[in-house]
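In full-length UniProt numbering, the protein residues as written are 1 to 180. Shown next, in structure tokens, is the structure this report addresses.
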Amino acid sequence: MENITELNRLQEKAVELQEAFVTYTPNEERIRFRDLQRENQVLSQLVKQYESTLEIIMSKFRSQTHLIQQERQELRDNTDRILDQERTENELLREENTRLTEHLGKCIQVMREASSANDEADVAMLVAGLAKENETLRAMLIASLPNHPSHTTQPLKSTLIDESGIMPLPLRANEATLSN
1 MENITELNRL QEKAVELQEA FVTYTPNEER IRFRDLQREN QVLSQLVKQY ESTLEIIMSK
61 FRSQTHLIQQ ERQELRDNTD RILDQERTEN ELLREENTRL TEHLGKCIQV MREASSANDE
121 ADVAMLVAGL AKENETLRAM LIASLPNHPS HTTQPLKSTL IDESGIMPLP LRANEATLSN
């Protein structure tokens, strides 16, 4: 840029000198002056070429700068769009996670209740089974006693189980019978 300015300044001085020497210079000086004029024209053409080259370079620079700015803006826009999508997806996943956690809590509660009910049902079945076994054992014990009414013609009294699940033993046998 400084060279162009310097060339322009020299060109202007050459034009001033040309005008001054045209009227006052002898023949040799005119020849020298014409040579200088031709040289000045060549330099002027070089300056124009430099200016046009510089303008082409600056135009390419501006064009590339504009493209880079557009690409940056597109990249920013794409990044913002992707970030917004990720945020939305993240929020949806959070909501789904919350729903699933609540559902899992409900499932755990139902399983606990079912397990508790199964435990209670198992205990009730065990008590019923033990009561039935107890009743059978009592009947067998009573039947094995010598003074048992089954050995007589009297009808067997009903063997009822009370609320506690225990059947009362008939106490007709004496200690001697039980010790045999």
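Each residue gets a CB set at the ideal place from its N, CA and C atoms; glycine is no exception.
Backbone CA spacing between Arg34 and Lys13 [nearest angstrom]: Working through the sequence shown from its first residue, we reach residue 34 at position 34. Working through the sequence shown from its first residue, we reach residue 13 at position 13. Those two C-alpha atoms are separated by around 15 Å.
First through last residue of the alpha helix (DSSP H) which encompasses Leu130: As a working note, residue 130 is residue 130 in the sequence shown. Counting along the chain, the alpha helix (DSSP H) containing Leu130 begins and ends at 27-144.
Three-state secondary structure assigned by DSSP to Asn3: In the sequence shown, residue 3 corresponds to position 3, counting from 1. Asn3 falls in the helix class under three-state DSSP.
Backbone CA spacing between Leu137 and Leu145 [nearest angstrom]: The residue given as residue 137 occupies position 137 in the sequence shown. The residue given as residue 145 occupies position 145 in the sequence shown. Cα to Cα, the separation comes out at about 12 Å.
Touching by the beta-carbon criterion (3+ pairs, under 8 Å), the region 2-16 and the region 47-63: yes
Three-state secondary structure (DSSP) of Asn8: The sequence position of residue 8 within the sequence shown is 8, counting from 1. Residue state, collapsed to three classes: helix.
Nearest-angstrom beta carbon gap, Asn8 and Val42 [assumed within contact, 8 Å]: Taking the sequence shown and counting its residues from 1, the one referred to as residue 42 is at position 42. Taking the sequence shown and counting its residues from 1, the one referred to as residue 8 is at position 8. The pair is not a contact, with the Cβ atoms about 15 Å apart (cut-off 8 Å).
Distance, His66 Cα to Pro72 Cα: Position 72 of the sequence shown holds residue 72. Position 66 of the sequence shown holds residue 66. The sequence as given places Arg at residue 72; Pro does not occur at that position. Roughly 10 Å between the two C-alpha positions.
Proximity below 9 Å, CB of Gln18 to CB of Gln45: Mapped onto the sequence shown, residue 18 falls at position 18. Mapped onto the sequence shown, residue 45 falls at position 45. Not closer than 9 Å, so no.
Residue from Asp122, Glu133, Val15, Gln70 with nearest C-alpha to Glu39: By one-based count along the sequence shown, residue 39 stands at place 39. Comparing Cα positions, the closest option is Val15.
Between the CA atoms of Glu91 and Leu126 - distance to the nearest angstrom: Here residue 126 is taken as the residue at index 126 of the sequence shown, counted from 1. Here residue 91 is taken as the residue at index 91 of the sequence shown, counted from 1. Roughly 52 Å between the two C-alpha positions.
Alpha-carbon to alpha-carbon, Ser116 and Glu135: Within the sequence shown, residue 135 is the residue found at index 135, counting from 1. Within the sequence shown, residue 116 is the residue found at index 116, counting from 1. Looking at the two C-alpha atoms, the distance is approximately 28 Å.
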